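Adding 1 to a residue's 1-based position in the sequence shown gives its number in the working numbering.
The beta-carbon is built from N, C-alpha and C at its ideal position, and this holds for glycine as well.
Model, not experiment: these values are computed from the prediction.
Scroll down for the structure; my scribbles are underneath it.
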Amino acid sequence: MPIRLHVMKNHEEASRHVAEMFQQTIREAPASVLGLATGGTPERVYELLCQFHREDGLSFSDLTTFNLDEYLGLPAGHDQSYRSYMTERLFGHVDVNPDRVHLPRVDDFPPDEAARQYEALLQQTGHVDLQLLGIGTNGHIGFNEPGSARDSVTRVVDLTEETIRSNSRYFEDESDVPRRAVTMGIATILKAKRVVLLATGGSKSRAVAEAFGGPITDANPASFLQEHGDAVFVLDEAAADGLAGILHGVP
Ligand code: PGA
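Structure below.
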């Protein structure tokens, strides 16, 4: 099934589209399992979800959530951990049940054990109903860097230099950026019932075009989404810029 596309005017419109998809899922099935992502891209989506909670009574109380990944090597409670990110941007502002909020438990267990437990918990829970993804400039999804296998599951990974450089904007010094992480695998992500990838800005246009219309290859891990039955890319015009050639001739 080809990936579906929604090209919106700008970051705000694309974020709003994705936030509405989540709102609709939560209203239709309040006990859904949501897959969540971190990074700069989804920040506005979380702001909007907080607003829907505050102003329109959208309730998170019956949801279960699983984040894609977590850094290794940061002190517990570090403000750049993805647990802190989620608390600051979403969980701390809505009525989510803390017992049903999941990130890899890297502060409590050795990394391999945290990864194994996370995959087991995901399988035990069933499937993710709606998975949010970003994409790296190198095509990574979660921290599945180029070279990640189609059948990979939750595991410890090394981050590429490109990812470390890109994430250094959140740290005082590039040397402070963690070198490793625990991430859901490609196979783990593909088990989600529905997947929405949000990408905005021209820096993502090459990775997006390759993922959407290029060969399915571990050189661009997001290209594996072409094998998913229900994946949609929500883009702004800048991120969609590389698609013109690929879409040429498509009615
Ligand atoms: P970004 O990261 O949202 O900070 O650009 C996306 C990603 O690396 O998946």
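Would you identify the three-state DSSP class for H7, choosing helix, strand or coil?
strand
Extract the residue ranges of the beta strand (DSSP E) inside the segment 51-81, only unbroken runs of 3 or more that lie entirely within it.
Runs found: 65-68, 70-73.
Report the option in M9, C51, I187 whose CA atom is closest to the CA atom of D96.
It is C51 whose Cα lies nearest to the Cα of D96.
CA-CA distance, L160 and P99?
29 Å
Only counting runs of 3 or more residues, tell me where the beta strand (DSSP E) segments fall wholly within the segment 180-232, in order along the chain.
181-184, 195-200
Taking a contact to mean a Cβ-Cβ separation below 7 Å, would you say A193 touches L236 in this structure?
no
Between the beta-carbon of L187 and the beta-carbon of A210, is there less than 7 Å?
Reading the sequence as shown, one finds Ile at residue 187 and not Leu. Contact flag unset, no.
Of the residues F225, E146, T218, which one's Cα is nearest the Cα of D70?
E146
Closer than 6 Å to a non-hydrogen atom of ligand 1 - does that hold for the CB of T65?
no
Would you kindly work out how many angstroms separate the C-alpha atoms of F53 and H12, rounded to a whole number?
18 Å
Assuming L191 contacts H229 (C-beta within less than 8 Å), just tell me the rounded distance between them.
The Cβ separation is near 5 Å, so the contact holds.
Any heavy atom of ligand 1 closer than 6 Å to the CB of G215?
G215: no, Cβ never under 6 Å from ligand 1.
Roughly how many whole angstroms lie between the Cα atoms of S149 and S224?
Those two C-alpha atoms are separated by around 11 Å.
Could you tell me if the beta carbon of T42 falls within a distance shorter than 6 Å of some heavy atom in ligand 1?
For ligand 1, at least one heavy atom lies less than 6 Å from the Cβ of T42.
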